[in-house]
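In this note's numbering, the protein residues as written are 82 to 369.
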């Protein structure tokens, strides 16, 4: 099994192959070394094991840049948001985060126009296949990918692409990326209750442990940080069960504007309140 450093060397080689100029290769390598130095300093404090992100602001960003006037590619804002996603995944895993969860598509988003829903499903399928390719990010980082939600609501081609990606990466030993699609937390909890009732097998009542075993997120540590970009302060039905002791953050940038400095600041903010959250959690668990 390759080490984290070896995996990032593979990723760096992959990125260099796609750089057209020698200057791009050099700048990419220098950036990689600078990040390693930055993350080594950051690791003096606690590094979150699990970062969850509500990727808010793609459409507003597109309108601000007048990208929606481009009739050829009305998904421009979401494509730029995907670029931010790839960078954030890479930076998170480089700094030692084990799990990243992103809110990609709510069940409520299916209420949008059929044309927009189809466009987003097609874009999602395209990006899943791009990342799952032999020379894609999943292979380079040995990522295991999960899709959490009522996947039956997705269009069939997108659902099949998601299933193939999960099947292909199920034995990967690297970090974990979970994508919440056709998801709401209330739907997740309802699904867990229904599955727990089916599994009762003579028991008198459903236990909390039964519910947690049947959540989409079963087996994944609770998020240490939930970041919602664009300055919004709502959780929008995202990981409600799992976020008792999660540090909630709402940076102002729209999702396509989210960058390395915003991620580093989020970790620094988490480190600042880490002792308080840890003591609070231990105190409550002690009194159970």
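In this text, a Cβ means the ideal position worked out from N, Cα and C, and glycines have one as well.
Computed from a predicted structure; not experimentally measured.
Go ahead and label residue i buried or exposed: buried means 16 or more other beta carbons lie within 10 angstroms of its beta carbon, across all protein chains shown.
i	result
residue 256	buried
residue 264	buried
residue 225	buried
residue 221	buried
residue 125	exposed
residue 357	exposed
residue 368	exposed
residue 115	exposed
residue 365	exposed
residue 351	buried
residue 152	Any reading at residue 152 must be qualified, since the residue scores a pLDDT of 47, below 50, and its modelled position is unreliable; the value itself is stated next. Residue 152 is exposed by the Cβ-count criterion.
residue 313	exposed
residue 360	exposed
residue 117	exposed
residue 223	buried
residue 208	buried
In this structure, how does DSSP classify residue i when only helix, strand and coil are distinguished?
i	result
residue 182	strand
residue 187	strand
residue 139	helix
residue 360	helix
residue 339	coil
residue 333	coil
residue 371	Residue 371 cannot be examined here, being either before or after the span of the chain that is shown, 82 to 369.
residue 132	strand
residue 153	For residue 153, the pLDDT reaches just 46, beneath the cut-off of 50, and the residue's location in the model is therefore unreliable, although a value from the coordinates is still provided. Looking at residue 153 - three-state DSSP - the assignment turns out to be coil, as it is neither helix nor strand.
One question on the structure: do residue i and residue j come within less than 8 Å of each other, judged by their Cβ atoms?
i	j	result
residue 324	residue 307	yes
residue 228	residue 183	no
residue 336	residue 189	no
residue 280	residue 291	yes
residue 135	residue 258	no
residue 238	residue 206	yes
residue 253	residue 277	no
residue 318	residue 271	no
residue 200	residue 246	no
residue 202	residue 249	no
residue 284	residue 326	no
residue 345	residue 119	yes
residue 311	residue 145	no
residue 458	residue 139	With the chain covering 82 to 369 only, the question about residue 458 has no answer from this structure.
residue 133	residue 320	yes
So residue i and residue j are in contact, right, with Cβ under 8 Å, and what is the actual spacing, rounded?
i	j	result
residue 303	residue 159	Contact doesn't hold; Cβ gap of about 28 Å is too wide.
residue 328	residue 354	6 Å
residue 232	residue 243	6 Å
residue 129	residue 348	6 Å
residue 172	residue 230	The pair is not a contact, with the Cβ atoms about 25 Å apart (cut-off 8 Å).
residue 191	residue 198	6 Å
Unbroken beta strand (DSSP E) runs of length 3 or more, entirely within the segment 250-328: which are they? 257-264, 306-309
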